[in-house]
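Residue numbers (our numbering): 274 to 456.
Note that the Cβ used here is the ideal one computed from N, Cα and C, for glycine as well.
Please read these numbers as outputs of a predicted model, since none were measured by experiment.
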């Protein structure tokens with residue numbers, strides 16, 4: 274699914290944002306253009322959307338650690354740049370940016386995207402993918418904890434640092450190299 278999202282030219286960028294930032298669904302829905310700093314290549318996470326009766330309500334992030342700055346990867350910056358509008362506009366909106374998406378509309382757009390691109394993963398699974406890829410690329414656990422907005426490092430390591438075959442192969446290669454000198 275990750276490769277399909279990265280190679281897709283689909284106009285709805287929510288899954289790409291989820292994959293390349295590790296943000297929670299509500300944090301992505303709360304993003305406004307003023308939160309994206311293209312010059313510094315950062316995204317400020319300061320709020321989240323909670324749906325009450327399917328209506329979006331902007332609130333503080335899930336935890337105190339949820340307020341954070343995450344990197345804006347170049348690939349994402351390039352895909353977002355053509356869509357920039359007024360600073361206070363929401364990135365994902367149905368009313369010209371004035372308010373975040375309603376729950377039913379988000380669900381419809383995500384299902385349409387899954388069908389169009391041929392993926393099955395959820396937005397939360399893309400958050401897991403972000404974390405796992407970061408671990409595979411040797412991002413330090415504390416840095417990953419900060420990027421994900423976790424209050425406790427054990428949450429980061431226990432829930433998100435799932436081993437993948439590539440990680441196992443990397444460990445084996447490093448240890449085989451170390452012990453090959455002793456043969």
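- Per DSSP, residue 317 lies in no alpha helix (DSSP H) segment; the continuous beta strand (DSSP E) that holds it begins and ends at 315-318.
- By the Cβ-count criterion, residue 332 is exposed, with fewer than 16 other Cβ atoms from all chains shown falling within 10 Å of its own Cβ.
- In this structure, residue 318 keeps its C-beta atom at 8 Å or more from the C-beta atom of residue 329.
- Boundaries of the beta strand (DSSP E) harbouring residue 324: 321-325, taken from the DSSP string.
- In this structure, the beta-carbon distance from residue 365 to residue 355 does not fall below 8 Å.
- By the criterion of a C-beta distance shorter than 8 Å, residue 360 is surrounded in its chain by 305, 306, 307, once the five residues flanking it on both sides are discounted.
- Contact between residue 289 and residue 388 fails: their C-beta atoms lie close to 16 Å from each other, not under 8 Å.
- In the structure shown, residue 386 falls within a helical segment according to DSSP collapsed to helix, strand and coil.
- Contact annotation: the region 441-454 does not touch the region 414-430, with fewer than three C-beta pairs closer than 8 Å.
- Leaving aside the five residues that flank residue 300 on each side, the residues in its chain whose CB is nearer than 6 Å to its CB run, in chain order, 318, 321.
- Annotation for residue 330: the continuous beta strand (DSSP E) segment containing it runs 328-332.
- Counting only the Cα atoms, residue 452 lies some 46 Å from residue 282.
- Between residue 325 and residue 375, the alpha-carbon positions lie close to 10 Å from each other.
- In the structure shown, residue 357 falls within a coil segment according to DSSP collapsed to helix, strand and coil.
- For residue 452, the three-state secondary structure derived from DSSP is helix.
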